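There are 4 protein chains.
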Amino acid sequence: MGVKAANCSRDLRRKAIIAVARRIFLEEGYGAASMSSIAAAVGGSKATLYAYFRSKTELFSAVMDDMTEEMGADKILRADDEPDTRLALTWVAQTLLTLICRPEVMDIQRLVIGEAGRFPELGEAFFNRGPRTKIEWLSGLMRKMMEDGRLRPDDPLRAAEMFFSMCRYRVYHYLLWGLSQQPTPADIAEDAARAVRTFLDAYDPGLAPVRS
Amino acid sequence: MGVKAANCSRDLRRKAIIAVARRIFLEEGYGAASMSSIAAAVGGSKATLYAYFRSKTELFSAVMDDMTEEMGADKILRADDEPDTRLALTWVAQTLLTLICRPEVMDIQRLVIGEAGRFPELGEAFFNRGPRTKIEWLSGLMRKMMEDGRLRPDDPLRAAEMFFSMCRYRVYHYLLWGLSQQPTPADIAEDAARAVRTFLDAYDPGLAPVRS
Amino acid sequence: MGVKAANCSRDLRRKAIIAVARRIFLEEGYGAASMSSIAAAVGGSKATLYAYFRSKTELFSAVMDDMTEEMGADKILRADDEPDTRLALTWVAQTLLTLICRPEVMDIQRLVIGEAGRFPELGEAFFNRGPRTKIEWLSGLMRKMMEDGRLRPDDPLRAAEMFFSMCRYRVYHYLLWGLSQQPTPADIAEDAARAVRTFLDAYDPGLAPVRS
Amino acid sequence: MGVKAANCSRDLRRKAIIAVARRIFLEEGYGAASMSSIAAAVGGSKATLYAYFRSKTELFSAVMDDMTEEMGADKILRADDEPDTRLALTWVAQTLLTLICRPEVMDIQRLVIGEAGRFPELGEAFFNRGPRTKIEWLSGLMRKMMEDGRLRPDDPLRAAEMFFSMCRYRVYHYLLWGLSQQPTPADIAEDAARAVRTFLDAYDPGLAPVRS
DNA sequence: AATGAATGAGAGTTCATTCAT
DNA sequence: GATGAATGAACTCTCATTCAT
Numbered sequence: 021m022g023v024k025a026a027n028c029s030r031d032l033r034r035k036a037i038i039a040v041a042r043r044i045f046l047e048e049g050y051g052a053a054s055m056s057s058i059a060a061a062v063g064g065s066k067a068t069l070y071a072y073f074r075s076k077t078e079l080f081s082a083v084m085d086d087m088t089e090e091m092g093a094d095k096i097l098r099a100d101d102e103p104d105t106r107l108a109l110t111w112v113a114q115t116l117l118t119l120i121c122r123p124e125v126m127d128i129q130r131l132v133i134g135e136a137g138r139f140p141e142l143g144e145a146f147f148n149r150g151p152r153t154k155i156e157w158l159s160g161l162m163r164k165m166m167e168d169g170r171l172r173p174d175d176p177l178r179a180a181e182m183f184f185s186m187c188r189y190r191v192y193h194y195l196l197w198g199l200s201q202q203p204t205p206a207d208i209a210e211d212a213a214r215a216v217r218t219f220l221d222a223y224d225p226g227l228a229p230v231r232s
Numbered sequence: 021m022g023v024k025a026a027n028c029s030r031d032l033r034r035k036a037i038i039a040v041a042r043r044i045f046l047e048e049g050y051g052a053a054s055m056s057s058i059a060a061a062v063g064g065s066k067a068t069l070y071a072y073f074r075s076k077t078e079l080f081s082a083v084m085d086d087m088t089e090e091m092g093a094d095k096i097l098r099a100d101d102e103p104d105t106r107l108a109l110t111w112v113a114q115t116l117l118t119l120i121c122r123p124e125v126m127d128i129q130r131l132v133i134g135e136a137g138r139f140p141e142l143g144e145a146f147f148n149r150g151p152r153t154k155i156e157w158l159s160g161l162m163r164k165m166m167e168d169g170r171l172r173p174d175d176p177l178r179a180a181e182m183f184f185s186m187c188r189y190r191v192y193h194y195l196l197w198g199l200s201q202q203p204t205p206a207d208i209a210e211d212a213a214r215a216v217r218t219f220l221d222a223y224d225p226g227l228a229p230v231r232s
Numbered sequence: 021m022g023v024k025a026a027n028c029s030r031d032l033r034r035k036a037i038i039a040v041a042r043r044i045f046l047e048e049g050y051g052a053a054s055m056s057s058i059a060a061a062v063g064g065s066k067a068t069l070y071a072y073f074r075s076k077t078e079l080f081s082a083v084m085d086d087m088t089e090e091m092g093a094d095k096i097l098r099a100d101d102e103p104d105t106r107l108a109l110t111w112v113a114q115t116l117l118t119l120i121c122r123p124e125v126m127d128i129q130r131l132v133i134g135e136a137g138r139f140p141e142l143g144e145a146f147f148n149r150g151p152r153t154k155i156e157w158l159s160g161l162m163r164k165m166m167e168d169g170r171l172r173p174d175d176p177l178r179a180a181e182m183f184f185s186m187c188r189y190r191v192y193h194y195l196l197w198g199l200s201q202q203p204t205p206a207d208i209a210e211d212a213a214r215a216v217r218t219f220l221d222a223y224d225p226g227l228a229p230v231r232s
Numbered sequence: 021m022g023v024k025a026a027n028c029s030r031d032l033r034r035k036a037i038i039a040v041a042r043r044i045f046l047e048e049g050y051g052a053a054s055m056s057s058i059a060a061a062v063g064g065s066k067a068t069l070y071a072y073f074r075s076k077t078e079l080f081s082a083v084m085d086d087m088t089e090e091m092g093a094d095k096i097l098r099a100d101d102e103p104d105t106r107l108a109l110t111w112v113a114q115t116l117l118t119l120i121c122r123p124e125v126m127d128i129q130r131l132v133i134g135e136a137g138r139f140p141e142l143g144e145a146f147f148n149r150g151p152r153t154k155i156e157w158l159s160g161l162m163r164k165m166m167e168d169g170r171l172r173p174d175d176p177l178r179a180a181e182m183f184f185s186m187c188r189y190r191v192y193h194y195l196l197w198g199l200s201q202q203p204t205p206a207d208i209a210e211d212a213a214r215a216v217r218t219f220l221d222a223y224d225p226g227l228a229p230v231r232s
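Residue numbers (my numbering), protein chains in the order written: chain A, 21 to 232; chain B, 21 to 232; chain C, 21 to 232; chain D, 21 to 232.
Structure below.
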């Protein structure tokens, strides 16, 4: 293991520590994760950890920064080109649900929600880079569909938030509370289908425009 | 505080401990809350705590039982008698949203979600006494409205889950992530209104029955 | 005298406590036995224990007194009438070995030896009522046999101590160190036989008297 | 390099801890000795203790290993060359008795016997490295003497066990029960002399071979 | 730059003991 | 006389953190 110091730049080592710490924080939660176990998993000493991060809190923040950066990297494959509205939204719903139900993403959500009280900036930072980007992108999609007359005109942001919330109505919700194991693709497809159907019933362009 | 030993029965003392422990668990989380601090807050010794609860886990469970019992005690004022569907649902939506956004309830939710990974039975126990009862009651309401022709026929349970999820689409969601402070009644009324409007657009009895 | 009934009742309860405490001390050792578990086993409260015994130490002493008293009650069936020396000694050896290898007696011995350092008077009190009485009785038997010319003349006390030690040469010794489980009667008979044989070889009255 | 010094230092510290722990365990017994008091006596913190030994049990085992190793290091000065059987055995008896009556060895024996019930493997580990080696060596001596016609033929192992038991017939026995203080060399010489005399009377080669 | 060693503080838990009722 | 309730002290063990090397 003497290799690592010689061959790795400080930055690379830092990244390696963050990657390991991330896994452990997610597995055990902030409180239960110990600097000892992280150091052991990294393969270095605790003192080395402290050479890179001044405290457990700082390491945790770095891990969260890393996560949220990566969250931002998630790209929903463009659904703009699909002319069939129902197909386009179904595809979006499934993609979103699949993403946020992935075990590692679920763990992050639980961790962040659970620690939100003690790490006030954490929830915001994380949300901004995760859910918010999805909602904003979705909002753009909604606007376009409304402009094209494929959806009843309305505030596109609110419509996007509502659609997202409808997608989370069942399996996601139960998963968050630890009531079910990992959902199957069929479970997700079912929820996505119902969310889309209900949404389209409400946003049928044949109806009168939504009164603000 | 000399009062406590002399005047209080065992049961009262137990309740007092639970009340204090509840506050501390909510403030600090399960892991960070210490038996010492709870004992100090109660005004007794740690040994006394252990005379009432065999372990920290057991105390935590007792606190959860207490919370969920109280949850179960929440009664949604009957909306059955309101002939106007929109008014009835709006009333339900506001009541529900107000309840689950109350700071102490919010804290519980965050605590339970955060520990759900490590306390698998916790999430279930809590959910069963809290959200599930609401959903089931709501499901009954939906069935009746569908039977009365006030809502388009559909699986009433799924409709209830969907309605509940629509209610949580904005302020609740942001609150859970720690993105906003306590919402005003106006905030809640706004979300309730939009949820009801969207739901009624989708469940307008004039539309064809939902295809399963 | 007016207090007779009261004293009697109190005395009975005291005896009951001692009996229970004795079992627990033997099972768990002095240090590991707790007043709580003793009180629970007795069926009363800890405070009641303290009404009868001022401290754990005093309770332990009382238990020891009780044990040693009972030890003194052990009577070795008289071997005086057996004219055959070998048979008489074999009978004695087997009786002694069987007694001191009994699990409950073994436990006492281990307990007393183990705590001898911390309870200085304990070893003596116990020894005086247990082993010493056996040795003294055995010494009387030896004297008589020597006077009868059935054993070579010698200091009868030393002869008795030696005989007793020879009996303990194998199974008892291993049992004390926890190296073997409860010996069978055959094991004991074998050791007794060899001890007697060796003793009689050394104390054959045909040999010259032992030089002091 | 740095490794050597570090390892050496660590090893030394470990040895120092064991030495201190050994003293305290012997003085107070396993149960009564506390990690805090050991740490204080070592001059370090409890956490340091736990850096070297994962638990109290493990520390205790290490102490026992250390003791038994040292026990194994005890060499009985060779008695093979002494042509006079009585002198040779007397020398052996005195050496053995002196060894097992040494206060520190006595303390170990009491500790091990006392804990044998709760630490089943302890008695065996200790016995194998202590008493057993002595008995086996003694058994070899017996065999040689029997082959040379200096002792009456018999099972040499049983003869050795018997001889050892005869040596313990008085002062050792009383010491074990805490009935006497440290014996003088004269006390030991007296017991050794009588043990040898009785043994030789029984194992006089002029007698017929022992019947198995 | 990296680490082995060390530690004070504090975790959960249990104990022998006391005292008001 | 008996007890339910209470407690301070001590237990084993772990933690985040520091420092000499």
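For each residue, glycine too, the CB sits at the ideal point set by N, CA and C. The model shown is predicted, which means the values in this text are computed figures rather than measured ones.
CB of residue i within 9 Å of CB of residue j, strictly
| i | j | result |
| --- | --- | --- |
| serine 57(C) | glutamate 48(C) | yes |
| glutamine 202(C) | proline 151(C) | no |
| alanine 39(D) | aspartate 86(D) | yes |
| methionine 165(D) | alanine 213(D) | no |
| isoleucine 44(D) | tyrosine 72(D) | no |
| leucine 161(C) | alanine 180(C) | yes |
| proline 225(C) | leucine 171(C) | yes |
| arginine 106(B) | leucine 220(B) | yes |
| aspartate 168(A) | leucine 46(A) | no |
| tyrosine 189(D) | methionine 182(C) | yes |
Assumed close pair residue i, residue j - CB separation to whole angstroms, cut-off 8 Å
| i | j | result |
| --- | --- | --- |
| leucine 158(D) | phenylalanine 184(D) | 6 Å |
| tyrosine 192(A) | leucine 131(A) | No, tyrosine 192(A) and leucine 131(A) are not in contact; Cβ-Cβ is about 16 Å, not under 8 Å. |
| alanine 113(C) | valine 216(C) | 6 Å |
| arginine 149(B) | glutamate 89(B) | 7 Å |
| isoleucine 208(B) | leucine 117(B) | 5 Å |
| glycine 143(B) | tryptophan 197(A) | 4 Å |
Secondary structure of residue i, DSSP reduced to three states
| i | result |
| --- | --- |
| threonine 115(C) | helix |
| threonine 204(B) | coil |
| glutamate 102(D) | coil |
| threonine 53(A) | The residue you asked about is not threonine; residue 53(A) is alanine in the sequence shown. Of the three classes helix, strand and coil, the one that applies to alanine 53(A) here is coil, per DSSP. |
| tyrosine 189(D) | coil |
| serine 75(A) | coil |
| proline 140(A) | helix |
| arginine 42(A) | helix |
| glycine 63(A) | coil |
Cβ of residue i within 9 Å of any chain D Cβ
| i | result |
| --- | --- |
| isoleucine 133(C) | yes |
| glycine 169(C) | no |
| proline 140(C) | yes |
Below-9 Å beta-carbon distance, residue i vs any chain A residue
| i | result |
| --- | --- |
| tryptophan 157(B) | no |
| glutamate 89(B) | no |
| serine 185(B) | yes |
| proline 225(B) | no |
| proline 173(B) | no |
| alanine 26(B) | Caution is warranted here: a pLDDT of 41 is assigned to alanine 26(B), below 50, making its placement in the model unreliable, and the coordinate value is therefore given only provisionally. Chain A contact via Cβ: absent. |
Cβ of residue i within 9 Å of any chain C Cβ
| i | result |
| --- | --- |
| tryptophan 197(D) | yes |
| phenylalanine 45(D) | no |
| tyrosine 189(D) | yes |
| phenylalanine 80(D) | no |
| threonine 118(D) | no |
Test: residue i CB closer than 9 Å to a CB of chain B
| i | result |
| --- | --- |
| glycine 22(A) | Note that glycine 22(A) has pLDDT 41, beneath the 50 cutoff, so the model's placement of it is unreliable and the number below is only indicative. Judged by the 9 Å Cβ criterion, glycine 22(A) is not in contact with chain B. |
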